[in-house]
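As you go down the protein sequences, you meet chains A and B in turn.
In terms of this note's numbering, the first sequence is residues 15 to 233.
In terms of this note's numbering, the second sequence is residues 297 to 311.
Quick notes on the structure that follows.
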Amino acid sequence: SQLLLTEPAPLAANQDDSTNDGSLRTLLTLCDLLNRELLVLIGWAKQIPGFSGLSLVDQMSLLQSGWMEALLVGVAWRSQGAAGEELVFAGNLRLDEAQCRAAGLADLYEALRHLTAKYKAMNLSPEEAVTLKAVALANSDADQVDCPDSLQRFQDGLHEALQEYEASRREQHRTGRLLMSLPLLRQTADRAVQAFLRLHRRRCVPLHKLLLEMLDAKA
Amino acid sequence: KEKHKILHQLLQNST
């Protein structure tokens with residue numbers, strides 16, 4: 015219930031109009047959206063039950079390793095119902111394969127469509143989507159953990175919530191199936207991070223400071 | 297931590 019209540023309203027993209035180059039415009043718009051999504055994500059994380067009981071160092075570590083996974087749950091969730099094969103980054107930023115390819119994001123497109131198809135086939139509920147997002151953050155396997163016991167409690171609390179929810183729906187296999195989707199989510203997020211790091215290294219687009227900082231933690 | 301100062305600041309903000 016708490017996760018449903020604290021789920022932020024979807025952001026809208028601010029269409030960049032500083033260039034006539036369509037692909038560059040797409041990238042600039044996408045990176046601006048991503049940076050604002052990150053700001054919202056950090057505020058959201060603080061409201062997950064148990065997160066604020068972690069040390070500041072562990073809060074930082076989890077966000078630094080799990081931010082892209084958590085954000086991609088949202089993209090895959092929004093893209094489930096999309097007509098055709100679009101990726102819905104925002105209600106007003108829907109990219110098809112050709113647009114992604116032109117922007118140098120063909121790899122990301124393919125990975126995200128795979129993830130979206132998986133969730134669509136599972137017919138993910140809103141409760142499952144918000145819990146999966148929190149689980150992705152809690153389970154992000156940050157390499158240095160300050161207080162493993164608190165982290166374990168945080169993870170157990172989310173796992174228990176998911177189990178209780180599925181038990182209430184008499185779905186005994188759902189929890190396991192959802193957790194089994196985590197490797198694909200991790201893999202997709204890794205490919206997304208690589209795509210944005212590539213854009214940064216090639217200096218294709220100027221990245222906002224927070225996005226850069228979070229990518230830097232992944233480099 | 298110095299390298300990740302925006303994240304650090306955002307987490308320390310009360311809201």
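Quick reminder that beta carbons are idealized off the backbone N, C-alpha and C, glycines included.
Remember, predicted model here, so these are calculated numbers, not experimental data.
Can you grab the Cα-Cα spacing for the pair residue i / residue j, in whole Å?
{"i": "A:V159", "j": "A:N153", "result": "12 Å"}
{"i": "A:L42", "j": "A:S182", "result": "44 Å"}
{"i": "A:V89", "j": "A:D35", "result": "25 Å"}
{"i": "A:E178", "j": "A:S15", "result": "12 Å"}
{"i": "A:L70", "j": "A:L193", "result": "26 Å"}
{"i": "B:Q305", "j": "A:M74", "result": "10 Å"}
{"i": "A:S12", "j": "A:A156", "result": "The structure shown does not extend to residue 12 of chain A, since chain A spans only 15 to 233, so no value can be given for it."}
{"i": "A:Q186", "j": "A:S195", "result": "16 Å"}
{"i": "A:Y123", "j": "A:L53", "result": "23 Å"}
{"i": "B:Q308", "j": "A:F103", "result": "28 Å"}
{"i": "A:Q169", "j": "A:S66", "result": "13 Å"}
{"i": "A:R217", "j": "A:P162", "result": "38 Å"}
{"i": "A:E174", "j": "A:R39", "result": "43 Å"}
{"i": "B:L303", "j": "A:L224", "result": "7 Å"}
{"i": "A:Q113", "j": "B:K299", "result": "34 Å"}
{"i": "A:V300", "j": "A:I56", "result": "Any property of residue 300 of chain A remains undetermined from this structure, which presents chain A solely from 15 to 233."}
{"i": "A:L25", "j": "A:R92", "result": "12 Å"}
{"i": "A:G118", "j": "A:V149", "result": "30 Å"}
{"i": "A:L85", "j": "A:A135", "result": "20 Å"}
Give me the chain B residues within the contact set of residue i, using Cβ-Cβ distance strictly less than 8 Å, ordered along the chain.
{"i": "A:I56", "result": "L303, L306, L307"}
{"i": "A:L70", "result": "H304, L307, Q308"}
What residue range does the beta strand (DSSP E) around residue i cover?
{"i": "A:L101", "result": "101-104"}
Quick check on residue i: does DSSP put it in helix, strand or coil?
{"i": "A:R217", "result": "coil"}
{"i": "A:L109", "result": "strand"}
{"i": "B:K299", "result": "helix"}
{"i": "A:Q78", "result": "helix"}
{"i": "A:G98", "result": "coil"}
{"i": "A:P197", "result": "helix"}
{"i": "A:A90", "result": "helix"}
{"i": "A:S66", "result": "helix"}
{"i": "A:T202", "result": "helix"}
{"i": "A:L238", "result": "Residue 238 of chain A lies beyond the range of chain A shown here (15 to 233); nothing can be said about it."}
{"i": "A:E83", "result": "helix"}
{"i": "A:A209", "result": "helix"}
{"i": "B:Q308", "result": "helix"}
Please determine whether the Cβ atom of residue i lies at a distance below 7 Å from any heavy atom of the ligand MG.
{"i": "A:L146", "result": "The ligand MG is absent from the structure shown, which contains no ligands of any kind."}
In the DSSP assignment, find the alpha helix (DSSP H) that holds residue i and state where it starts and stops.
{"i": "A:F168", "result": "162-182"}
{"i": "A:K132", "result": "120-136"}
{"i": "A:T20", "result": "16-20"}
{"i": "A:A117", "result": "Where A:A117 is concerned, there is no enclosing alpha helix (DSSP H), given that its DSSP letter is neither H nor E."}
{"i": "A:T189", "result": "188-193"}
{"i": "A:P140", "result": "140-152"}
{"i": "A:T40", "result": "36-59"}
{"i": "A:L225", "result": "223-230"}
Going along chain B in order, which residues have a C-beta closer than 7 Å to the C-beta of residue i?
{"i": "A:M82", "result": "Here the premise fails: no neighbours, minimum Cβ distance about 14 Å."}
{"i": "A:V73", "result": "Note that residue 73 of chain A is Gln in the sequence shown here, rather than Val. Here the neighbours are L307."}
{"i": "A:A231", "result": "H300"}
Buried or exposed: residue i, going by 16 or more other Cβ atoms within 10 Å of its Cβ?
{"i": "A:A97", "result": "exposed"}
{"i": "A:K147", "result": "buried"}
{"i": "A:I62", "result": "buried"}
{"i": "A:D46", "result": "buried"}
{"i": "A:D72", "result": "buried"}
{"i": "A:R205", "result": "buried"}
{"i": "A:L229", "result": "buried"}
{"i": "A:R191", "result": "exposed"}
{"i": "A:L77", "result": "buried"}
{"i": "B:K297", "result": "Interpretation of B:K297 is limited by its pLDDT of 48, a score under 50 that renders its predicted location unreliable; no figure is taken from the coordinates."}
Along chain B, in chain order, which residues have C-beta atoms closer than 9 Å to that of residue i?
{"i": "A:L224", "result": "I302, L303, L306"}
{"i": "A:E227", "result": "K299, H300, K301, I302, L303"}
Contact set between the region 74-108 of chain A and chain C, restricted to residues whose Cβ is under 8 Å from the partner: The structure shown has no chain C; the protein chains it does contain are A and B.
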